[in-house]
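Numbering (our numbering), first residue to last: 13 to 297.
So this is what it looks like as structure tokens:
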């Protein structure tokens with residue numbers, strides 16, 4: 013993979029909807045941006061069917077920054093993914109934030125020249141996406157809520173399951189592959205490396221510098237921040253603070269200083285108030 017596309021440890025990827033926001037993200041130190049029509053909180057509010065963003069948004073963002081540009085396609089939507097590939101985006105996110113196009117099949121990502129990132133809630137989901145060829149993973153969390161609890165749950169579960177895999181014998185791995193519905197070879201690769209074979213960023217609910225640092229402390233390789241920045245009172249300051257907190261997640265005095273006078277973060281949503289049909293993390297398998 014192109015070195016430009018190797019996401020770094022302790023990196024921050026930010027959702028943006030126009031060139032102005034993309035420039036703010038790059039100036040703040042984001043390692044990539046996700047170009048989309050609406051941030052997840054607005055997608056949630058709008059309801060209806062959420063599709064790939066208008067290509068003009070991708071073009072605007074790609075022309076505004078030098079860091080990698082990602083874009084979202086619906087789960088299983090072959091043509092949306094091919095359009096994004098043809099446009100030259102640096103990464104495609106086969107995303108549960110958008111309304112799935114296929115409720116049975118994910119994209120076979122090995123067939124594309126552009127790398128993919130996909131969400132996961134557990135090791136079974138992670139391994140299945142790896143088997144399809146994804147180049148990067150992220151927790152699903154619960155997007156657009158400003159509530160970190162689901163991202164915490166997913167990161168803890170994946171990492172606990174990875175630790176279990178490392179301790180298994182080869183014959184146990186075969187049985188575990190059957191239980192997880194995961195490719196055996198992927199589990200072998202995880203056991204040999206002692207971790208997932210690709211970067212696993214945290215996503216879904218990161219809304220403060222402390223949230224970002226928490227996910228790093230739990231073993232994330234970096235963080236995605238969507239609504240948390242551009243739905244805050246001071247996006248420029250929030251963006252810089254989250255980047256610094258991610259890089260320095262064990263420097264608690266610095267995180268305290270970064271958190272001062274930021275203005276109000278985005279208003280959060282209690283997960284228990286969401287009906288099952290409103291939970292984006294349930295999309296995909």
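No residue lacks a Cβ here, since even glycine has one placed at the ideal position from N, Cα and C.
Uninterrupted beta strand (DSSP E) stretches inside the segment 138-185 (no shorter than 3 residues): DSSP runs (the beta strand (DSSP E)) wholly in the segment 138-185: 148-151.
Which word fits residue 247, buried or exposed, when buried means at least 16 other C-beta atoms lie within 10 angstroms of its C-beta? The sequence position of residue 247 within the chain shown is 235, counting from 1. Its Cβ being crowded by 16 or more others within 10 Å, residue 247 is buried.
Measuring alpha carbon to alpha carbon, tell me which residue in 94, 43, 143 and 29 is nearest residue 256. Translated into the one-based positions of the chain shown, residue 256 becomes position 244. Comparing Cα positions, the closest option is 43.
For residue 68, I'd like the list of residues in its chain whose CB is within less than 7 Å of its CB, leaving aside the five on either flank, ordered along the chain. Here residue 68 corresponds to residue number 56 of the chain shown, with the count starting at 1. Same-chain partners within the cutoff: there are none.
Have a look at 152, 171, 262 and 263 and flag the residue whose alpha-carbon is nearest the alpha-carbon of residue 110. Residue mapping note: residue 110 aligns to position 98 of the chain shown, counting from 1. From the listed residues 152, 171, 262 and 263, the smallest Cα separation to residue 110 is found for 152.
Per DSSP, which residues does residue 86 bridge with? Please list them. Indexing the chain shown from 1 puts residue 86 at position 74. 107, per the DSSP bridge assignment.
With DSSP collapsed to three states, give me the class of residue 46. Counting from 1 along the chain shown, the entry for residue 46 is found at position 34. It is a strand residue.
With DSSP as the reference, identify every bridge partner of residue 69, one or two as the case may be. Taking the first residue of the chain shown as 1, we reach residue 69 at position 57. Per the DSSP secondary-structure output, residue 69 pairs with nothing in a beta bridge.
To which residues does DSSP link residue 236 through a beta bridge? Numbered from 1 along the chain shown, position 224 holds the residue referred to as residue 236. DSSP, once it has assigned bridges, lists 25 as partnering residue 236.
First and last residue of the alpha helix (DSSP H) that includes residue 298? Residue 298 is absent from the structure shown; the chain starts at 13 and stops at 297.
Sufficient close CB pairs (3 or more, under 8 Å) joining the segment 93-107 to the segment 159-175: The segment 93-107 is not in contact with the segment 159-175.
Please confirm whether residue 225 and residue 258 have their CB atoms less than 9 Å apart. The residue given as residue 225 occupies position 213 in the chain shown. The residue given as residue 258 occupies position 246 in the chain shown. Yes. Within cutoff.
What do you get for residue 66, buried or exposed, if any count of 16 or more other CB atoms within 10 angstroms of its CB means buried? What you label residue 66 is simply residue 54 of the chain shown in a count that begins at 1. Exposed: under 16 other Cβ atoms inside 10 Å.
Counting Cβ pairs closer than 8 Å, one from the segment 84-95 and one from the segment 31-45, do we hit at least three? Cβ pair count under 8 Å is below three, so no.
Kindly indicate the opening and closing residues of the alpha helix (DSSP H) around residue 250. Position 238 of the chain shown, counted from the start, is the residue given in the question as residue 250. Here the alpha helix (DSSP H) through residue 250 covers 247-259.
Distance check for residue 148 and residue 211, CA to CA, integer angstroms please. The count along the chain shown starts at 1 and reaches residue 211 at position 199. The count along the chain shown starts at 1 and reaches residue 148 at position 136. Each residue's Cα considered, the two are about 5 Å apart.
By the three-class DSSP mapping on this structure, what secondary structure does residue 131 have? Counted from its first residue, the chain shown places residue 131 at position 119. In this structure, residue 131 counts as strand in the three-state DSSP scheme.
What three-state label does DSSP hand residue 95 in the structure shown? The count along the chain shown starts at 1 and reaches residue 95 at position 83. Reduced to three states, the DSSP call for residue 95 is helix.
Is the distance from the Cβ of residue 51 to the Cβ of residue 81 below 9 Å? Position 39 of the chain shown holds residue 51. Position 69 of the chain shown holds residue 81. Going by C-beta atoms, residue 51 is not nearer than 9 Å to residue 81.
Since residue 55 and residue 62 should fall inside the 8 Å C-beta cutoff, what is the C-beta to C-beta distance between them, to a whole number of angstroms? As a first step, residue 55 is located in the chain shown; it is residue number 43 there, counting from the start. As a first step, residue 62 is located in the chain shown; it is residue number 50 there, counting from the start. Rounded, the Cβ-Cβ distance is 5 Å, consistent with contact.
Any idea what DSSP makes of residue 14, helix, strand or coil? Taking the first residue of the chain shown as position 1, residue 14 is located at position 2. Bear in mind that a pLDDT of 48 at residue 14, under 50, signals an unreliable position, so the number given afterwards is only what the model happens to contain. In the structure shown, residue 14 sits in coil (DSSP, three-state: anything other than H, G, I, E or B).
What residues in its chain sit with their C-beta under 8 Å from that of residue 20, if we drop five residues either side in the sequence? The residue you call residue 20 lines up with position 8 of the chain shown. If we look at residue 20 and ignore the five residues flanking it on each side, its Cβ neighbours are 43 and 234.
Cutting at 8 Å between CB atoms, please list the residues of its own chain near residue 122, excluding the five before and the five after it. Position 110 of the chain shown holds residue 122. Excluding positions up to five away in sequence, the list reads 144 and 145.
Reference residue 30; option with closest CA among 136, 59 and 72: Residue numbering aside, residue 30 sits at position 18 when the chain shown is read from its first letter. Of 136, 59 and 72, the residue nearest in Cα terms is 72.
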